[in-house]
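S.K.:
Number of protein chains: 2
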Amino acid sequence: MSKLDESLLTGLPPFSLLERSQIREILDQALPKRYDEGAEIFHEGHDAERFHLLLDGYIRVVKTTEGGEQIIALHISPGQLFGIAPALNRDTYPATAVAASESLALSWPVRLWGEFTAKYQGFATESYNTLGQRLGEMQTRITELATQAVEQRVAAALLRMVTQSGRKVEEGIEIAFPVTRRNISEMTGTTLHTVSRLLSAWEKDGIVHSTRKHIVVTAPHRLVVLSGAQG
Amino acid sequence: MSKLDESLLTGLPPFSLLERSQIREILDQALPKRYDEGAEIFHEGHDAERFHLLLDGYIRVVKTTEGGEQIIALHISPGQLFGIAPALNRDTYPATAVAASESLALSWPVRLWGEFTAKYQGFATESYNTLGQRLGEMQTRITELATQAVEQRVAAALLRMVTQSGRKVEEGIEIAFPVTRRNISEMTGTTLHTVSRLLSAWEKDGIVHSTRKHIVVTAPHRLVVLSGAQG
DNA sequence: TGACCTCTTTGTCCTTCAGCAAACTTGCGG
DNA sequence: CCGCAAGTTTGCTGAAGGACAAAGAGGTCA
Chain V
0 MSKLDESLLT GLPPFSLLER SQIREILDQA LPKRYDEGAE IFHEGHDAER
50 FHLLLDGYIR VVKTTEGGEQ IIALHISPGQ LFGIAPALNR DTYPATAVAA
100 SESLALSWPV RLWGEFTAKY QGFATESYNT LGQRLGEMQT RITELATQAV
150 EQRVAAALLR MVTQSGRKVE EGIEIAFPVT RRNISEMTGT TLHTVSRLLS
200 AWEKDGIVHS TRKHIVVTAP HRLVVLSGAQ G
Chain X
0 MSKLDESLLT GLPPFSLLER SQIREILDQA LPKRYDEGAE IFHEGHDAER
50 FHLLLDGYIR VVKTTEGGEQ IIALHISPGQ LFGIAPALNR DTYPATAVAA
100 SESLALSWPV RLWGEFTAKY QGFATESYNT LGQRLGEMQT RITELATQAV
150 EQRVAAALLR MVTQSGRKVE EGIEIAFPVT RRNISEMTGT TLHTVSRLLS
200 AWEKDGIVHS TRKHIVVTAP HRLVVLSGAQ G
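Residue numbers (numbering that gives the first Met the number 0), protein chains in the order written: chain V, 0 to 230; chain X, 0 to 230.
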């Protein structure tokens with residue numbers, strides 16, 4: 000097995016302040032792994048044995064209710080840490096992580112967490128920044144769910160995915176990983192039927208263009224208006 | 000001005016591992032302050048200049064939408080840290096804190112945060128535990144808002160307040176701070192009218208007994224059933 | 001004690017959206 | 001190339017709960 004290249008980590012915030020030799024050390028302890036679309040990286044409630052860094056692809060962090068309904072808590076983009084239960088002193092994962100598209104991630108055993116935060120300058124800070132952002136995002140979703148109508152929430156969810164993972168194509172901006180109507184309903188607390196109706200309507204209005212598991216936003220500004228421009 | 004008594008902090012988790020002399024040091028740097036019911040402790044978006052510890056009373060952490068609607072994000076009970084923006088590297092408060100009842104809190108300038116976490120054993124750990132719990136609670140609220148009907152959410156909200164602050168009285172368990180129908184609607188994303196109807200119905204059923212700003216849960220188990228026993 | 005403000009209750013109407021049902025499309029595996 | 005599974009669309013119906021309206025009940029302050 001060939002060694003991982005140092006350039007993998009060089010640009011990433013948690014490691015940006017580190018020496019080449021330190022990055023080497025970190026990489027030598029990392030376990031790289033590829034995940035197929037739909038594959039589970041870790042499961043809610045299981046022992047948190049490793050923490051992860053996404054190099055490529057997209058991850059959905061999902062909670063399942065006892066009724067069997069799923070709620071998408073979070074999307075992870077390349078370069079982000081995830082499954083960082085140790086940062087919160089938890090010893091089980093609070094949610095399940097599933098690859099939204101084919102993905103590549105590194106992971107380390109949790110016992111290295113303490114070492115990383117102590118030894119590598121900027122690592123702890125950056126991790127807590129991430130946490131803060133996620134907390135803020137969750138806040139926003141709570142207020143959305145509590146105060147906004149379904150249409151606005153769906154619009155906001157689309158916009159969020161676009162900002163987190165949008166890539167420019169000729170028609171507009173495309174969401175870079177596969178998304179189903181059901182997925183969107185799981186992000187917004189509605190049904191896939193309602194999402195389908197909304198997307199159909201927006202398609203007719205020329206705001207989005209969608210095919211199976213694939214969405215391009217052609218008029219983001221109009222979506223912003225629909226979303227009620229929260230925050 | 001008289002010195003603060005060391006026993007104030009002795010039992011509290013963030014300080015439980017510390018020496019008497021260390022607690023003295025910490026107290027000497029603290030600014031104690033009393034807040035009337037309804038008084039604001041800090042405001043969303045303002046510079047986070049201090050972090051706080053609630054000694055007595057109850058705090059509501061509130062977000063306001065641009066439409067002017069309020070959402071209650073969190074309740075703080077005595078012994079808990081709050082306004083800990085520095086833990087997440089934020090330099091502004093993410094929400095507004097209001098005293099739900101007459102309250103007493105200590106506070107320290109944020110520049111001491113780094114010192115506290117570095118110097119006092121257990122302080123950092125405990126803070127991040129708290130954060131983890133709050134994150135988990137927010138998760139729970141998101142799934143509730145996304146999947147449960149209003150009645151279940153209101154029942155769950157009552158139960159949450161009862162567990163966090165309930166005190167036993169002869170009739171049942173009483174929520175230890177003033178709560179209005181509007182407050183509950185702000186916790187559950189509904190209207191005060193709907194909350195009023197629910198409470199009236201429950202009163203008729205002998206599940207709760209409520210007077211103005213004041214709620215006693217007389218049959219908690221039945222409320223658990225109504226809440227759908229989430230989690 | 002009276003005026004006022006906040007909190008609460010209750011009624012009626014009406015919109016939104018979930019639930020149910022069924023058909024259609026697309027892609028994949030055998 | 002066919003069959004099947006997963007994803008999507010669309011119509012219909014009904015119920016939950018938000019919006020609007022109005023009045024009653026404490027509490028507080030002058």
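Glycine included, every Cβ here is placed at the ideal spot set by N, Cα and C.
The structure displayed is predicted, hence computed values, not measured ones.
1) One question on the structure: do residue 157 of chain X and residue 60 of chain X come within less than 9 Å of each other, judged by their Cβ atoms?
2) For residue 191 of chain V and residue 141 of chain X, which I take to be in contact (beta-carbon distance under 8 Å), what is that distance rounded to the nearest angstrom?
3) Distance, Cα to Cα, residue 119 of chain X vs residue 19 of chain X?
4) Going along chain X in order, which residues have a C-beta closer than 9 Å to the C-beta of residue 86 of chain V?
5) Hey, could you find the ends of the beta strand (DSSP E) residue 149 of chain X is sitting in?
6) Which parts of the stretch 32-64 of chain V are runs of the beta strand (DSSP E), unbroken and 3 residues or longer, counting only runs that do not cross its ends?
7) Could you tell me whether the Cβ of residue 78 of chain V comes closer than 9 Å to any Cβ of chain X?
8) Here's the rule: buried if 16 or more other CB atoms are within 10 angstroms of the residue's CB, otherwise exposed. What is residue 148 of chain V?
9) Alpha carbon to alpha carbon, how far is residue 6 of chain V from residue 128 of chain V?
10) Between the Cα of residue 11 of chain X and those of X/52, X/23 and X/165, spot the shortest distance and give me the residue it belongs to.
11) My output table needs one value for residue 80 of chain V: the three-state DSSP class, helix, strand or coil.
12) Does DSSP put residue 206 of chain X in a helix, in a strand, or in coil?
13) Kindly indicate which three-state DSSP category residue 143 of chain X falls into: helix, strand or coil?
14) Check whether the Cβ atoms of residue 8 of chain X and residue 31 of chain X lie closer than 9 Å to each other.
15) In chain X, what lies closer than 7 Å to residue 160 of chain V by C-beta?
16) Is the CB of residue 32 of chain X under 9 Å away from at least one CB in chain V?
17) CB residue 88 of chain V to CB residue 124 of chain X, shorter than 9 Å?
18) Indicate whether at least one CB of chain V lies closer than 9 Å to the CB of residue 181 of chain X.
M.R.: Short version:
1) Contact: no.
2) Contact check for residue 191 of chain V and residue 141 of chain X: beta-carbon distance about 19 Å, past the 8 Å limit, so the pair fails to qualify.
3) Inter-residue distance for residue 119 of chain X and residue 19 of chain X is about 12 Å (C-alpha atoms, whole angstroms).
4) The answer, in chain order, is 127, 130 and 131.
5) Counting along the chain, residue 149 of chain X falls outside any beta strand (DSSP E), though it belongs to the alpha helix (DSSP H) covering 149-164.
6) 39-41, 49-55 and 58-63, all fully within the stretch 32-64 of chain V.
7) Among the residues facing chain X, residue 78 of chain V is not included, as its CB has no counterpart in that chain under 9 Å away.
8) Its Cβ having fewer than 16 others within 10 Å, residue 148 of chain V is exposed.
9) Rounded to whole angstroms, residue 6 of chain V and residue 128 of chain V show a C-alpha spacing of 23 Å.
10) If we check each option's Cα against that of residue 11 of chain X, X/52 comes out closest.
11) For residue 80 of chain V, the three-state secondary structure derived from DSSP is strand.
12) DSSP places residue 206 of chain X outside both helix and strand once states are collapsed to three, so it counts as coil.
13) If DSSP states are grouped into helix, strand and coil, residue 143 of chain X belongs with the helices.
14) One thing to note: residue 8 of chain X has its Cβ no nearer than 9 Å to the Cβ of residue 31 of chain X.
15) Taking the beta carbon of residue 160 of chain V as reference, no residue of chain X falls within 7 Å; the closest one sits roughly 17 Å away.
16) Against chain V, the CB of residue 32 of chain X has no partner CB under 9 Å away; the residue lies outside that interface.
17) In contact: residue 88 of chain V and residue 124 of chain X (Cβ atoms closer than 9 Å).
18) The C-beta of residue 181 of chain X comes no closer than 9 Å to any C-beta of chain V.
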